[in-house]
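Novice: Using this note's numbering, the first residue of the first sequence is number 155, and each one after it goes up by one.
All residues carry an ideal CB built from backbone N, CA and C; glycine is no exception.
All of these numbers come straight from a predicted model, not from anything done at the bench.
Please find one structure pasted underneath; my questions will follow.
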Amino acid sequence: MDIRGYIERAVRELGAEVPFVELEVPRVAEHGDLSTPVAMVLAGRLRRPPREIAEEMASMLRAESPFERVDVAGPGFINFTFRRGFLYEGLRNLLGDPARCLRRDLGGGQKVQVEFVSANPTGPLHLGHGRGAAVGAALSNLLARAGYEVEREFYINDAGRQVRLLGESIFARYKELLGVACRFPEEGYRGGYVVEIARQLLGEAGDRFRDAGFEGEAAEYFVRFGVGRMLGVMKEDLGGFGVEFDRWQSEKALYDEGLVRRCLDELREKGMLYEREGALWFRATEFGDDKDRVVIKSDGSHTYFASDIAYHWYKIQRGFDELIDVWGADHHGYVPRIKAVIRALGHPEERLSVLLVQIVTLLRGGKPVQMSKRSGEFVTLREVTEEVGADTTKFIFLTRSHDSHLEFDIETAKKESSENPVYYVQYAYARINSIFRKARQQGVEPGGAVDLGCLKEEAEAGLIKKLLFYPLMFEGAVRAREPHRVTFYLQELAGLFHPYYNTHRVLGLDPSLTLARLALCEAVKRVLEEGLSILGVTLPERM
RNA sequence: GCGCCUGUAGCUCAGCAGGACAGAGCAACUGACUUCUAAUCAGUGGGUCGGGGGUUCGAAUCCUCCCAGGCGCGCCA
């Protein structure tokens, strides 16, 4: 359906132009199936009364085939009511080629990289990482269905102080296991997993580091071993959560392969670095940041920012048209400086967008769960996945806008499991499958020459319209980079299907009616599949 | 002190590029399982959209001030 096209044509015939024809599904049935306020937008531009414009457009649009009625109402809304035949045609198209009907090429093959999670490999993933994972993965899926070529990347902070501290913590535990006295590093990681890694290391390396200090080869070994293990754990946890990446970029590799050096050289040549007080600074203030930033400290070591500059430089070199960084909102202060980098490198800052995912407050039975990474007391993503389930957890994350603070109560998420929204949607899918199983048992073969005209019920028209409006939601979600809109749509669709299921039978009716209803069920199933797969939520054949 | 995010029903949250009478789920209360799965359905009640100004034909949405909560403001990562 291209209702928007008809309206745009009418706008052009008025000799006007509008950046975007807004379409909305009216809340009230009397306002038709679809509505546009475009005449009111045009009123200002054309200096004419909105209702007059609306009337003129309506009379043009009435000639178009999809519409049963085109009415002007209120201050200048144009309300459309579809012909049944238009709905049937749309349903038929949807069944004929679901992917073509449900996906839209909005990206035109542009290359987009979505970087998300990127947690320090110094401890297990916590629930906040899970939110980033759910959002990043869903956004990637969404864009991939919108004609973007998407790469999902995890950036590994395996250089610098934090991983060194991890190695040192493992080192201390290793010595303890060998019964050798060793001071535990002041800011070391005290979680039990560190002891576990030390035990594994002992199994592999034996006691050959018994008398070593934490330096040179020993330090390197402990760090590499620890990072390797932590990465393994994180990959496992993400796998258990149902999130996969296309690529893992090591920060250390950026140094080892000389990318940091080359990038800094380039900035230096452009005059964007300067020395002061023994350190090397980036002129961030010239690109909108409020302070200049150190890239090489006076002790000669690089800041985290140095490799981050190189990382983004490298991303752009790899040919991405757009970069999306999904960050925890606690890093928001970092946005201006990384945007400054993009501009300093000679690119429009829109090339990078940073999606800030707000903090998750973890509750158990209404009480906040204290978390501290240092002490090692925190609830991990793995624990929540096991206790609550990946589908429920993802669905909760994706039922909120990414920038809204989120309270996640483990008890509630579990307790409500039987009435959890995710099951509501999945159950609709399972019920449809059940119908098809039953149909096969009865020897009813779906498909073939179906007379969709048998679908005369209001509930059926409502369902078909909802299906045909999927692209409207989809385009909005892509444009706004908001996967949670998909979640809400799916709940609404399931909310139409369940009552329909309860009041209308599918099987055992007049054969042509049964076939038509099976076709409708098939279409609902396809859309549920499409939507849930964007969210990364599984599709149960039965429940 | 400065900056960013948030404030909508008892609770958790939507509200799509400013549009028509503000929505959903949960919780509460009434009802519906010999019929394709009751993880469902039908119904009832529930709101000064934090507050004040402003822009507009029209504001939960944009601007501004104030209040409340969260998060940031390192030669840490």
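1) Name the one or two DSSP bridge partners that V224 has.
2) Say the cut is 7 Å; is the CB of A359 nearer than that to a heavy atom of the ligand GTP?
3) Could you check which residue in E167, T692 and E646 has the C-alpha nearest to that of L215?
4) Just to confirm the assignment: which complete alpha helix (DSSP H) runs, minimum length 4, are found wholly within the stretch 341-401?
5) With a 10 Å radius around its C-beta and 16 neighbouring C-beta atoms as the bar for buried, classify K521 as buried or exposed.
6) Taking S588 as the reference, which of R696, R337 and N274 has the closest Cα?
7) Taking C-beta to C-beta, are F459 and R472 nearer than 8 Å?
8) Using C-beta distances below 7 Å, list every residue in its chain close to G263, excluding the 5 sequence neighbours before and after it, in chain order.
9) Can the beta-carbon of V538 be found closer than 8 Å to that of Q645?
10) Would you kindly work out how many angstroms separate the C-alpha atoms of M155 and G284, rounded to a whole number?
11) So which of S294, L200 and A677 has the shortest CA-CA distance to E476?
12) Give the straight-line distance between the Cα atoms of E162 and K568, rounded to the nearest whole angstrom.
13) Could you tell me which residues DSSP puts in a beta bridge with H280?
14) Judging by CA-CA distance, which residue of D410, Y409 and D453 is the nearest neighbour of E429?
15) Give the range of the alpha helix (DSSP H) segment to which V165 is assigned.
16) Taking the continuous alpha helix (DSSP H) assigned at K631, which residues delimit it?
17) With three or more C-beta pairs closer than 8 Å as the rule, is the stretch 542-549 touching the stretch 654-662?
18) Can you tell me whether P229 is helix, strand or coil according to DSSP?
19) Measuring straight from C-alpha to C-alpha, what distance separates L517 and P191?
20) Apart from the five residues on each side of it in sequence, which residues of its chain come closer than 7 Å, Cβ to Cβ, to T439?
21) Going along the chain, which residues of its own chain have a beta-carbon closer than 8 Å to the beta-carbon of C417, five neighbours each way excluded?
22) Which first and last residues belong to the beta strand (DSSP E) in which S687 is found?
23) For D391, count neighbouring C-beta atoms within 10 Å of its own C-beta (all shown protein chains included) and say buried if the count is 16 or more, exposed if not.
24) What's the gap between the Cα of G230 and the Cα of G159?
25) How would you label V681, buried or exposed, when you count the other beta carbons within 10 angstroms and need 16 or more for buried?
26) Using only the alpha-carbon positions, how far apart do V511 and E374 sit?
27) Please work out which residues of its chain come closer than 8 Å, Cβ to Cβ, to L626, disregarding the five sequence neighbours upstream and downstream, and give them in chain order.
28) Specify the secondary structure class of K521 as computed by DSSP and reduced to three states.
29) Considering only the beta carbon of each residue, do I478 and V268 sit closer than 8 Å?
30) My assumption, with CB atoms under 8 Å, is that T154 sits in contact with P278. Please give the rounded CB distance.
31) Expressed to the nearest angstrom, what Euclidean distance is found between the alpha-carbon atoms of E243 and H485?
32) Under 8 Å between the Cβ atoms of H652 and A584?
33) For A603, which of helix, strand or coil comes out of DSSP?
34) Can you tell which of K493, L606, K679 and A359 has its C-alpha closest to the C-alpha of R246?
Specialist: In this structure, then:
1) On the first sequence, residue 224 is found 70 positions in, with the first residue counted as 1. Paired residue(s): F234.
2) As for the ligand GTP, it is missing from this structure, which has no ligand bound.
3) Mapped onto the first sequence, residue 215 falls at position 61. Checking every option, the nearest Cα to that of L215 belongs to E167.
4) 346-359 and 370-395
5) Here residue 521 refers to the residue found at position 367 when the first sequence is read from its first residue. The residue is exposed, with fewer than 16 neighbouring Cβ atoms inside 10 Å.
6) Here the question's residue 588 lines up with position 434 in the first sequence. The residue with the shortest Cα to Cα distance from S588 is R696.
7) Along the first sequence, one-based indexing puts residue 459 at 305. Along the first sequence, one-based indexing puts residue 472 at 318. Their beta carbons are not under 8 Å apart, which means F459 does not touch R472 by this criterion.
8) Locating residue 263 in the first sequence gives position 109, where the first residue counts as 1. Answer for G263: G301 and E303, listed in chain order.
9) Within the first sequence, the letter at position 384 stands for residue 538. Within the first sequence, the letter at position 491 stands for residue 645. In this structure, Q645 does not lie closer than 8 Å to V538 by Cβ.
10) Taking the first sequence and counting its residues from 1, one reaches residue 155 at position 1. Taking the first sequence and counting its residues from 1, one reaches residue 284 at position 130. Residue confidence is low: M155 scores 49 on pLDDT, short of 50, so the model does not pin down where it sits. Its coordinate-derived value is still stated next. Looking at the two C-alpha atoms, the distance is approximately 37 Å.
11) Along the first sequence, read from residue 1 onward, the residue named residue 476 stands at position 322. Of S294, L200 and A677, the residue nearest in Cα terms is S294.
12) On the first sequence, residue 162 is found 8 positions in, with the first residue counted as 1. On the first sequence, residue 568 is found 414 positions in, with the first residue counted as 1. Going from the Cα of E162 to the Cα of K568 covers about 49 Å.
13) Taking the first sequence and counting its residues from 1, the one referred to as residue 280 is at position 126. T534.
14) Start at 1 with the first residue of the first sequence, and residue 429 comes out as number 275. Taking only the C-alpha atoms, the option nearest E429 is D453.
15) Numbered from 1 along the first sequence, position 11 holds the residue referred to as residue 165. Per DSSP, V165 belongs to the alpha helix (DSSP H) from I157 to E167.
16) Here residue 631 refers to the residue found at position 477 when the first sequence is read from its first residue. Note that residue 631 corresponds to Ala in the displayed sequence, not to Lys. Here the alpha helix (DSSP H) through A631 covers Y624 to A634.
17) no
18) Position 75 of the first sequence, counted from the start, is the residue given in the question as residue 229. In the structure shown, P229 sits in coil (DSSP, three-state: anything other than H, G, I, E or B).
19) Counting from 1 along the first sequence, the entry for residue 517 is found at position 363. Counting from 1 along the first sequence, the entry for residue 191 is found at position 37. Roughly 43 Å separates the two Cα atoms.
20) As a working note, residue 439 is residue 285 in the first sequence. The residues are K445 and D446.
21) The sequence position of residue 417 within the first sequence is 263, counting from 1. For C417, where only same-chain residues beyond five positions count, the Cβ hits under 8 Å are I463, A464, W467 and Y468.
22) Mapped onto the first sequence, residue 687 falls at position 533. First-last for S687: P665 to L689, but that is the alpha helix (DSSP H), not the beta strand (DSSP E).
23) In the first sequence, the residue the question calls residue 391 occupies position 237. Its Cβ being crowded by 16 or more others within 10 Å, D391 is buried.
24) Walking along the first sequence from the start, residue 230 turns up at place 76. Walking along the first sequence from the start, residue 159 turns up at place 5. Approximately 19 Å between the Cα atoms of the pair.
25) As a first step, residue 681 is located in the first sequence; it is residue number 527 there, counting from the start. Buried, by the Cβ-count rule.
26) In the first sequence, the residue the question calls residue 511 occupies position 357. In the first sequence, the residue the question calls residue 374 occupies position 220. Approximately 34 Å, taken between the alpha carbons.
27) As a position in the first sequence, residue 626 is number 472, starting the count at 1. Closer than 8 Å at the Cβ level, and outside the excluded window around L626, lie L177 and V179.
28) Here residue 521 refers to the residue found at position 367 of the first sequence. If DSSP states are grouped into helix, strand and coil, K521 belongs with the strands.
29) As a first step, residue 478 must be located in the first sequence, where it is residue number 324. As a first step, residue 268 must be located in the first sequence, where it is residue number 114. In contact: I478 and V268 (Cβ atoms closer than 8 Å).
30) The structure shown does not extend to residue 154, since the chain spans only 155 to 697, so no value can be given for it.
31) Indexing the first sequence from 1 puts residue 243 at position 89. Indexing the first sequence from 1 puts residue 485 at position 331. Distance between the alpha carbons of E243 and H485 is about 49 Å.
32) Start at 1 with the first residue of the first sequence, and residue 652 comes out as number 498. Start at 1 with the first residue of the first sequence, and residue 584 comes out as number 430. Contact flag unset, no.
33) The sequence position of residue 603 within the first sequence is 449, counting from 1. A603: coil per DSSP, three-state reduction.
34) The sequence position of residue 246 within the first sequence is 92, counting from 1. The option with the nearest alpha carbon to R246 is L606.
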